[in-house]
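Visitor: Just so we're aligned, residue 1 is where the sequence shown starts under UniProt numbering, counting upward by one.
Where a beta carbon is used, it is the ideal one built from N, C-alpha and C, also for glycine.
Quick caveat, the model's predicted, so the values are computed rather than measured.
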Amino acid sequence: MDDLKYGTRNKRGDWAPNEPAGTAPLFVFPPRPLALLKWLPHYFLPYNLLFALSAVAWWHFVLPDIEVMKTLSVGWMLRLFLVNCAALLVFFGIIELRLYILRSQGNRFKYNGKWPSEQKSKAFFFENQNLDNMLRTFGTGMPIWTAIEVAILYAYANGYVPWLTFAAHPVYLFLLALVVPVIHETHFFLLHRAIHWGPLYRWVHSVHHNSVNPSPWSSLSMHPVEQFGYLGVAFWHLIIPSNPLLALYQLHYAGFGAIPGHVGFDKVELTEDISVDSHAYIHYLHHKYFEVNYGDGLIPFDRWFGTFHDGGKDGEARMQARYEKKKARANAAP
Numbered sequence: 001m002d003d004l005k006y007g008t009r010n011k012r013g014d015w016a017p018n019e020p021a022g023t024a025p026l027f028v029f030p031p032r033p034l035a036l037l038k039w040l041p042h043y044f045l046p047y048n049l050l051f052a053l054s055a056v057a058w059w060h061f062v063l064p065d066i067e068v069m070k071t072l073s074v075g076w077m078l079r080l081f082l083v084n085c086a087a088l089l090v091f092f093g094i095i096e097l098r099l100y101i102l103r104s105q106g107n108r109f110k111y112n113g114k115w116p117s118e119q120k121s122k123a124f125f126f127e128n129q130n131l132d133n134m135l136r137t138f139g140t141g142m143p144i145w146t147a148i149e150v151a152i153l154y155a156y157a158n159g160y161v162p163w164l165t166f167a168a169h170p171v172y173l174f175l176l177a178l179v180v181p182v183i184h185e186t187h188f189f190l191l192h193r194a195i196h197w198g199p200l201y202r203w204v205h206s207v208h209h210n211s212v213n214p215s216p217w218s219s220l221s222m223h224p225v226e227q228f229g230y231l232g233v234a235f236w237h238l239i240i241p242s243n244p245l246l247a248l249y250q251l252h253y254a255g256f257g258a259i260p261g262h263v264g265f266d267k268v269e270l271t272e273d274i275s276v277d278s279h280a281y282i283h284y285l286h287h288k289y290f291e292v293n294y295g296d297g298l299i300p301f302d303r304w305f306g307t308f309h310d311g312g313k314d315g316e317a318r319m320q321a322r323y324e325k326k327k328a329r330a331n332a333a334p
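(1) Expressed to the nearest angstrom, what Euclidean distance is found between the alpha-carbon atoms of C85 and V56?
(2) Whose C-beta lies closer than 7 Å to the C-beta of G225 among residues of the same chain, with five residues either side of it excluded?
(3) Curious, which full-length alpha helix (DSSP H) runs of at least 4 residues does the region 70 to 103 contain?
(4) Within this structure, are the beta carbons of L220 and A258 separated by less than 8 Å?
(5) Using only CA atoms, which one of H223, H196, A254 lies nearest to L88?
(6) With a 10 Å radius around its C-beta and 16 neighbouring C-beta atoms as the bar for buried, classify F29 as buried or exposed.
(7) Three or more beta-carbon pairs under 8 Å between the region 182 to 196 and the region 226 to 235, yes or no?
(8) List the residues that DSSP assigns as beta-bridge partners of V28.
(9) Touch check for the region 172 to 184 and the region 262 to 280: three-plus C-beta pairs under 8 Å?
(10) Please determine if the region 155 to 174 and the region 274 to 283 are in contact, where contact requires at least 3 C-beta pairs separated by less than 8 Å.
(11) State the start and end residues of the unbroken beta strand (DSSP E) segment that holds V268.
(12) Can you look up T186 in the DSSP assignment and give me helix, strand or coil?
(13) By the 10 Å Cβ neighbour count, where 16 or more other Cβ atoms means buried, how is V292 classified, buried or exposed?
(14) Quick check: the Cα distance between E272 and A330, rounded to an integer number of angstroms?
(15) Are F92 and P143 closer than 8 Å when you measure CB to CB?
(16) Please go through the same chain and pick out, in chain order, the residues whose beta-carbon is closer than 6 Å to the beta-carbon of W59, but skip the five residues on each side of it.
(17) Do the CB positions of H209 and F109 come within less than 8 Å of each other?
(18) If you count every other CB in all the chains shown that lies within 10 Å of the CB of P214, and 16 or more means buried, which is it?
(19) Given E96, which residues of its chain have a CB within under 7 Å of its CB, disregarding the five upstream and five downstream residues?
(20) Is the separation between the beta-carbon of S242 and that of L153 shorter than 8 Å?
(21) Only counting the same chain, and skipping five residues up and downstream in sequence, which positions put a Cβ closer than 6 Å to that of F308?
(22) Measure the C-alpha to C-alpha separation of R202 and M1 and round it to an integer number of angstroms.
(23) So for P17, helix, strand or coil by DSSP?
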């Protein structure tokens, strides 16, 4: 595919789309029903449906019987951890292999013209971004992921929280499944905004932002505190009346779903004429500019709070104006 039909490339080799980034027409006033109907398939395909199906697969083929999950035994917890690691290795690894190792589509649609493997930095273990990101993902991220999963399943199995069944509450649980992405977006924005506060940024979130030029393995490369907070979105299903399958979906949505925003390409080519949109541009701009786009655009939190950057000149102007106000406040402080 000719990526220059869809965007431009600067002298550094960085590609940007012609169309500025936008937010979903979901929480807008006045309502835009035609835009909503046109956008609605993107709410389900391909990612949301994929992560929902993965949760169903785990429920039927990976998790043990409920009686087994009433006890915290090493056997089923270790098996769950190994399956989680293997699945993440395959899912993230295939995308990394295709786009960054084999470079099967070259730098077409790649936001940052440089390749992480060619950039050494002392900010990373062994000065290698990919190795650092993988060590953090599997060293702390996957144990935390599995620990959260085990805690939730243990709580449901022992009746510590209400377990609503699909047979008794089909409409409610169906609607709750539909708002899993909304729960994620709200949780993510609030957490993300909090860890950009000075001390928390230096101690915690700066680890993730070391990957200025993110790639698939950057997705869950975080400080353990951030990993727990980010993946802990699934704990909402211990607070609201829910079902463990939906809690699992929420966790998969966060864990596996971290990759679209860090893939580094605007489109992933499947054939010469067919591609899949990554929807990564909003979060890529966050990695590039740090203090914009704290959410992913499903809910227009950044528009509401004045931190949205669409990648265009207007977004740049708003960002610079905000920086000037921040500088003025700092200079005026006694």
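Guide: Considering the structure as presented:
(1) Within the sequence shown, numbered from 1, the residue matching residue 85 stands at position 85. Within the sequence shown, numbered from 1, the residue matching residue 56 stands at position 56. In a straight line, the C-alpha of C85 is about 17 Å away from that of V56.
(2) Stepping through the sequence shown from its first residue, residue 225 is reached at position 225. It is worth fixing the name first, because residue 225 is Val in this sequence and not Gly. Same-chain partners within the cutoff: V204.
(3) 74 to 96
(4) Counted from its first residue, the sequence shown places residue 220 at position 220. Counted from its first residue, the sequence shown places residue 258 at position 258. It is a contact, given that the beta carbons lie within the stated cut-off.
(5) Counting from one through the sequence shown, the residue named residue 88 turns up at place 88. Ranking the options by Cα distance to L88, first place goes to A254.
(6) For this step, residue 29 is matched to residue 29 along the sequence shown. Per the 10 Å Cβ criterion, exposed.
(7) yes
(8) Position 28 of the sequence shown, counting from 1, holds the residue named residue 28. The partner list for V28 (beta bridge, DSSP) is empty, contrary to what the question assumes.
(9) no
(10) no
(11) Along the sequence shown, read from residue 1 onward, the residue named residue 268 stands at position 268. Here the beta strand (DSSP E) through V268 covers 267 to 269.
(12) Position 186 of the sequence shown, counted from the start, is the residue given in the question as residue 186. Correct three-state label for T186: helix.
(13) If you number the sequence shown from 1, residue 292 lands on position 292. The residue is buried, with at least 16 neighbouring Cβ atoms inside 10 Å.
(14) Taking the first residue of the sequence shown as position 1, residue 272 is located at position 272. Taking the first residue of the sequence shown as position 1, residue 330 is located at position 330. Roughly 52 Å between the two C-alpha positions.
(15) Here residue 92 refers to the residue found at position 92 of the sequence shown. Here residue 143 refers to the residue found at position 143 of the sequence shown. No. Outside cutoff.
(16) Mapped onto the sequence shown, residue 59 falls at position 59. Excluding sequence neighbours, W59 sits near L245.
(17) Along the sequence shown, one-based indexing puts residue 209 at 209. Along the sequence shown, one-based indexing puts residue 109 at 109. In this structure, F109 does not lie closer than 8 Å to H209 by Cβ.
(18) Taking the first residue of the sequence shown as position 1, residue 214 is located at position 214. Answer is buried; the Cβ neighbour count reaches 16.
(19) To locate residue 96, count along the sequence shown from 1; it is residue 96. Answer for E96: S215, P216, W217, listed in chain order.
(20) Sequence index remark: in the sequence shown, residue 242 carries index 242 (1-based). Sequence index remark: in the sequence shown, residue 153 carries index 153 (1-based). No, the Cβ-Cβ distance between S242 and L153 is not below 8 Å.
(21) Taking the first residue of the sequence shown as 1, we reach residue 308 at position 308. Excluding residues within five positions, the ones whose Cβ falls inside 6 Å are D302.
(22) Position 202 of the sequence shown, counted from the start, is the residue given in the question as residue 202. Position 1 of the sequence shown, counted from the start, is the residue given in the question as residue 1. Each residue's alpha carbon lies about 41 Å from the other.
(23) If you number the sequence shown from 1, residue 17 lands on position 17. In this structure, P17 counts as strand in the three-state DSSP scheme.
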